[in-house]
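Everything on this sheet refers to the single structure shown next.
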Amino acid sequence: MKSIVVTCAVFAAAHAVPVAGWAEEDSRALLELAEKAEDEGYDPDRPILAELTLEYLHNNSDDPDEQEDDYTATLDVVYYFNENVSLAGSLLGASVRGEGTFPNDYDFYFEELYLNAEFDRFGFFGGKFNPVFGIGFDDVAGELYGAGYHDGYELTERLGAGVTYAFEDALGGEHTLGASAFQLDTSFLAKSFLRGERLASREDGGLSNTGGLNSYTVWLEGDDAFGIEDSRYNITYRSQEGGLPGEETETGFAAGASKLIELGNGNGLELYAELVSLDNSQDDGVSFDQDTLMANAAYYFGEDWVATLGGGVQDVSNSSDIDEIANGSNRFATASVGKTFYDSFYVELAYKRDRTNGTYTNSAGIFLSYSVEF
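The numbering used here puts the sequence shown at residues -19 to 354.
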């Protein structure tokens, strides 16, 4: 791994799959549905839990290539066969072709669809899923430029299987040790429903597009570890083989943690930091090494208000095409304010300033989200 430049942070890199969309919280939504069922107890008369989320973002930037209007619809569903076995799915409506013009270039496809089984402390899952790697896209407050920055290292749309083992420490902290093996999804699930657009094919190559379970992640994560209440951590290692001759194996790790502090005035302050280091990372055929440190602070106040400040630094080296991705240090800073109305409608205004390849860019945008459970 390359040396890390330590600075206040928020981050980024490149999608491992070519489909755009704001789906980085799908796995967390499925997990929350599963936790809700566990808290309420298995109910054979109501074996299905579902949540529909509609999102819109508008980004206005100095860079014309960064300007966008994006719409997504996500249906997260968990069906319980019994108290131990369930089927989880995340149906995503997003841009699948062309310039991403709404609604002409939009369609629906399964981002996740997998079986899950839990027996005491052991869990098993298999199908199409988003492998665990880091927690930034789940935990960071500030959807537009906070969590949005972290989707560059998120793993999505993989076929494979995994196992987990849950345990507690002496002070009641909950921990999970897990591992998964996978490949990029190029099956029938990698086609959109209406237009039949192929989202990925074996001939495309790229990380984990090997036609076999040659790629893997291993992770340890937990909540309230060793008596630290309202905290979460994750440590992950990953390895992804290249799918075409000459494409090197990507390796890397992520380590992150968050802590919510209850203030005396009734408000809350949440602190988050994550370090990600990847060797032989890829973005549109360009390979490079990257080391990124991110940090974010969120202040929760009033009735459902949140304000955030974040920033990050990313060191890029060994780029295979310095015209596309230059070697050097990129920096990022973000700020946002958001409010939730009626427990389901979230509105956020955000600003970011970044320096990439020596050029400064300013962006401002709005993010809207509406969720309903049924």
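Note that beta-carbon positions come from the ideal geometry of N, C-alpha and C, so glycine has one too.
- Query: Where do the N-terminal and C-terminal ends of the beta strand (DSSP E) with D259 fall, by residue?
  - Reply: For the purposes of this step, residue 259 is taken as residue 279 along the sequence shown, with counting starting at 1. Element bounds for D259: G248 to D263.
- Spatial distance of L13 from D45 (CA atoms): Translated into positions along the sequence shown, residue 13 becomes position 33. Translated into positions along the sequence shown, residue 45 becomes position 65. Spanning the two alpha carbons is a distance of roughly 36 Å.
- Along the alpha helix (DSSP H) that carries F117, what are the first and last residues, could you check? Here residue 117 refers to the residue found at position 137 of the sequence shown. Element bounds for F117: G116 to D119.
- Message: Within a Cβ cutoff of 6 Å, which residues of the same chain sit near N189, ignoring the five residues on either side of it in sequence?
- Response: Residue mapping note: residue 189 aligns to position 209 of the sequence shown, counting from 1. In chain order, L164 and G223 place their CB closer than 6 Å to the CB of N189, counting only its own chain and leaving out the 5 sequence neighbours on each side.
- Message: Can you look up G1 in the DSSP assignment and give me helix, strand or coil?
- Response: Taking the first residue of the sequence shown as 1, we reach residue 1 at position 21. Interpretation of G1 is limited by its pLDDT of 31, a score under 50 that renders its predicted location unreliable; the figure taken from the coordinates is listed afterwards. The answer is coil: DSSP assigns G1 none of H, G, I, E or B.
- Can you name the residues that DSSP bridges to T339? The count along the sequence shown starts at 1 and reaches residue 339 at position 359. In DSSP, T339 forms a bridge with T336.
- What residue does the beta strand (DSSP E) around Y145 start on, and which one ends it? In the sequence shown, counting from the first residue as 1, residue 145 sits at position 165. Residues R138 to E148.
- Message: With distance defined between alpha-carbon atoms, name the residue in Y22, E227 and Y51 nearest to F82.
- Response: Position 102 of the sequence shown, counted from the first residue, corresponds to residue 82. Checking every option, the nearest Cα to that of F82 belongs to Y51.
- When you compare each of T336, R212, E201 and G244 to D42 by their alpha carbons, which one comes out closest? Taking the sequence shown and counting its residues from 1, the one referred to as residue 42 is at position 62. Ranking the options by Cα distance to D42, first place goes to T336.
- Item | Option in R138, E137 and A121 with minimal Cα separation from H130 | The residue you call residue 130 lines up with position 150 of the sequence shown. Distance check between H130 and each of R138, E137 and A121 places A121 closest, using alpha-carbon atoms only.
- A150 burial status per 10 Å Cβ neighbour count (16 or more: buried): Walking along the sequence shown from the start, residue 150 turns up at place 170. The residue is exposed, with fewer than 16 neighbouring Cβ atoms inside 10 Å.
- Task: Give the single residue among Y217, D184 and L174 whose Cα lies nearest to the Cα of S195.
- Result: Here residue 195 corresponds to residue number 215 of the sequence shown, with the count starting at 1. It is Y217 whose Cα lies nearest to the Cα of S195.
- Coarse secondary structure for E46, derived from DSSP in three states: For the purposes of this step, residue 46 is identified with residue 66 of the sequence shown, where counting begins at 1. Three-state DSSP puts E46 in a helix.
- To which residues does DSSP link A97 through a beta bridge? For the purposes of this step, residue 97 is taken as residue 117 along the sequence shown, with counting starting at 1. V65 and F104, per the DSSP bridge assignment.
- Bounding residues of the beta strand (DSSP E) (the contiguous stretch that carries T190): Within the sequence shown, residue 190 is the residue found at index 210, counting from 1. Neither: T190 is in no beta strand (DSSP E) and is coded neither H nor E.
- Do you know whose CA, among Y322, Y331 and T54, lies nearest W285's CA? Taking the first residue of the sequence shown as position 1, residue 285 is located at position 305. Closest by alpha carbon: Y322.
- Identify whether D184 lies in helix, strand or coil by the three-state DSSP scheme. Your numbering for residue 184 matches position 204 in the sequence shown. Three-state DSSP puts D184 in a helix.
- Query: Which word fits Y340, buried or exposed, when buried means at least 16 other C-beta atoms lie within 10 angstroms of its C-beta?
  - Reply: Looking up residue 340 in the sequence shown gives position 360. Classification for Y340: exposed.
- Would L174 be called buried (16 or more neighbouring beta carbons within 10 Å of its own) or exposed? Looking up residue 174 in the sequence shown gives position 194. Classification for L174: exposed.
- Query: Taking the beta strand (DSSP E) that T320 falls in, what are its first and last residues?
  - Reply: Here residue 320 is taken as the residue at index 340 of the sequence shown, counted from 1. It spans G308 to F321 - the beta strand (DSSP E) in which T320 sits, taken as one unbroken run.
- What is the DSSP secondary structure of F206, reduced to helix, strand or coil? Walking along the sequence shown from the start, residue 206 turns up at place 226. Here F206 sits in helix by DSSP.
- Query: By Cβ distance, which residues of its chain are closer than 7 Å to G345, with the 5 residues on each side in sequence left out?
  - Reply: For the purposes of this step, residue 345 is identified with residue 365 of the sequence shown, where counting begins at 1. Closer than 7 Å at Cβ, skipping near neighbours: L37, H38, N39, N40, L124 and A330.
- Query: Do you know offhand how far S299's Cα is from D269's?
  - Reply: Along the sequence shown, one-based indexing puts residue 299 at 319. Along the sequence shown, one-based indexing puts residue 269 at 289. Going from the Cα of S299 to the Cα of D269 covers about 7 Å.
- Query: Any idea which residues DSSP pairs I346 with across the strands?
  - Reply: For the purposes of this step, residue 346 is identified with residue 366 of the sequence shown, where counting begins at 1. Beta-bridge pairing links I346 to H38 and L329.
- Closest to V57 by CA distance: which of F88, R77 and A9 is it? Position 77 of the sequence shown holds residue 57. Ranking F88, R77 and A9 by Cα distance to V57 puts A9 first.
- Message: Considering only their Cβ atoms, is the gap separating A275 from A253 smaller than 8 Å?
- Response: As a working note, residue 253 is residue 273 in the sequence shown. As a working note, residue 275 is residue 295 in the sequence shown. Yes, these two residues count as a Cβ contact at 8 Å.
- So, does the CB of L135 fall closer than 8 Å to a CB anywhere in chain C? In the structure shown, chain C cannot be found, because there is only a single protein chain.
- Counting along the chain, where does the beta strand (DSSP E) carrying F162 start and finish? Walking along the sequence shown from the start, residue 162 turns up at place 182. Element bounds for F162: E154 to L164.
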